[in-house]
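S.K.: The end of the sequence shown is residue 151 by my numbering, with every number in the run present. To start, I am sharing the structure in question, which I have written as structure tokens.
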Amino acid sequence: MKRLLLFAALIAWSGMAGAVVYKWVDAQGKVQYGDRPPDGVHAEVVELLGTHVARAAAPAAPAAKASDSTTPKSANQDNTAVKKAVSEDVEQARAKQCADAQDRYKKLIDGRHLYTTGPDGERQYLTSDQIDAQRLTAKQDVDASCDNST
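Structure follows, in structure tokens:
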């Protein structure tokens, strides 16, 4: 029986050991650690002892293309390809902004006890008026970010 309990404890511990920990700096300049960084904050993954975090490889720099400057057709094709790539990047950024705004709005609508973090790290629960104001701002952000009529 003791072996079974020990085995179960080791299995549970190994699952927790594989957790990802993030590190970020808050508005007061203090370094914070957690399993989920706040929205809109640049956070980096902290590698814990005994864990190996797979890092995304940096995209390879585009190879310099030797082109003949006397051929306008080639230059026109290059410009078209660049414009297409830029428009795709802009569309991806807009889609991410829209998804982030929708996620924030959903959290504000679905949340029961909404709070902000105080200067000492304590929770400061929002009043109904503050929650309504944040929901209104979040809805306006969704409308602005997800507007497809541009």
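Each residue gets a CB set at the ideal place from its N, CA and C atoms; glycine is no exception.
Would the region 119 to 136 and the region 78 to 90 be scored as touching if the rule is three or more Cβ pairs under 8 Å?
M.R.: Judged by Cβ distances under 8 Å, the region 119 to 136 makes no contact with the region 78 to 90, as fewer than three pairs qualify.
S.K.: Which residues in the same chain as residue 22 place their Cβ atom closer than 8 Å to its Cβ, once the five residues preceding and following it in sequence are excluded?
M.R.: Correct list, in chain order: 34, 35, 36, 46, 47 and 49.
S.K.: Classify residue 106: buried if its beta carbon has 16 or more other beta carbons within 10 angstroms, exposed otherwise.
M.R.: Looking at its Cβ environment, which holds 16 or more other Cβ atoms inside 10 Å, residue 106 is buried.
S.K.: Out of 143, 85 and 79, which has the shortest C-alpha to C-alpha gap to residue 101?
M.R.: Of 143, 85 and 79, the residue nearest in Cα terms is 143.
S.K.: Out of curiosity, what's the CA-to-CA distance linking residue 62 and residue 124?
M.R.: Since pLDDT at residue 62 reaches only 39, below the 50 mark, its modelled position is unreliable, and no value is offered.
S.K.: Quick one: what's residue 24 bridged to in DSSP?
M.R.: For residue 24, which the question treats as bridged, DSSP gives the partners 34 and 45.
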